[in-house]
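Enquirer: Quick one: the structure is below, and I'll ask about it shortly.
Okay, structure coming up:
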C-alpha cells in the first residue's frame, strides 16, 4: 500500500492509521523553513483559478512540502492530492485548509510551486 508515496507493508491492509502516515512524514523531516506559501493554479472546464496556501501549522502544509520536494513534476497527481486532502480533513480543522481540501476533491489539474 502506498500513501503519499510512502510504502506500507501489505500485512497492514488497506486501512493505514493516520498516525502511522504522520509518523512516516515526520521521519523524513521535511524542511519547511524556506517555504512561506504554496501557489497553485488549476484549470477546469476552460477556467483558470489561482490558489494560495499559507497555513504552516497543518498536516496539509507539511504534506505539500514533501510532495513538492519529491515529485518529478509540478503537476499534482490526483491520487496524492486525494490522499493529502482526506488525511487533512481528519487532522486539520482550519477554514483555509478545509477550503483547499474541497478544491482537491475535484478532477481538475493542479500545478503547484513552493514560494
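In the numbering used here, the protein residues as written are 768 to 882.
Ideal Cβ positions, reconstructed from N, Cα and C, are used throughout, including at glycine.
(1) Can the beta-carbon of residue 854 be found closer than 8 angstroms to that of residue 828?
(2) Assuming contact is defined by CB atoms lying nearer than 8 angstroms, are residue 833 and residue 795 in contact in what I supplied?
(3) The beta strand (DSSP E) spanning residue 805 covers which residue range?
(4) Any idea if residue 852 is buried or exposed, counting beta-carbon neighbours within 10 angstroms, 16 or more meaning buried?
(5) Return the residue from the list 841, 871 and 807 that minimises the CA-CA distance to residue 891.
(6) Looking only at C-alpha atoms, which of 831, 782, 813 and 863 sits nearest to residue 797?
(7) In the DSSP assignment, what residue or residues form a beta bridge with residue 816?
(8) Rounded to whole angstroms, what's the CA-CA distance from residue 783 to residue 864? Just pull it up for me.
(9) Please classify residue 769: is it buried, with 16 or more other beta-carbons within 10 angstroms of its beta-carbon, or exposed?
(10) Where do the ends of the alpha helix (DSSP H) carrying residue 790 lie?
Expert: Here's the rundown:
(1) Not a contact, by the Cβ cut-off of 8 angstroms.
(2) Judged by beta-carbon spacing, residue 795 lies within the 8 angstroms limit of residue 833, meaning their Cβ atoms are closer than that value.
(3) Counting along the chain, residue 805 sits inside the beta strand (DSSP E) bounded by residues 805-811.
(4) It counts as buried.
(5) No information on residue 891 is available, as it lies outside the stretch 768 to 882 that the chain covers here.
(6) The residue with the shortest Cα to Cα distance from residue 797 is 831.
(7) The partner list for residue 816 (beta bridge, DSSP) reads 809.
(8) C-alpha separation (whole angstroms): 22 angstroms.
(9) By the 16-neighbour rule on beta-carbons within 10 angstroms, residue 769 is exposed.
(10) Segment 785-794, the alpha helix (DSSP H) holding residue 790.
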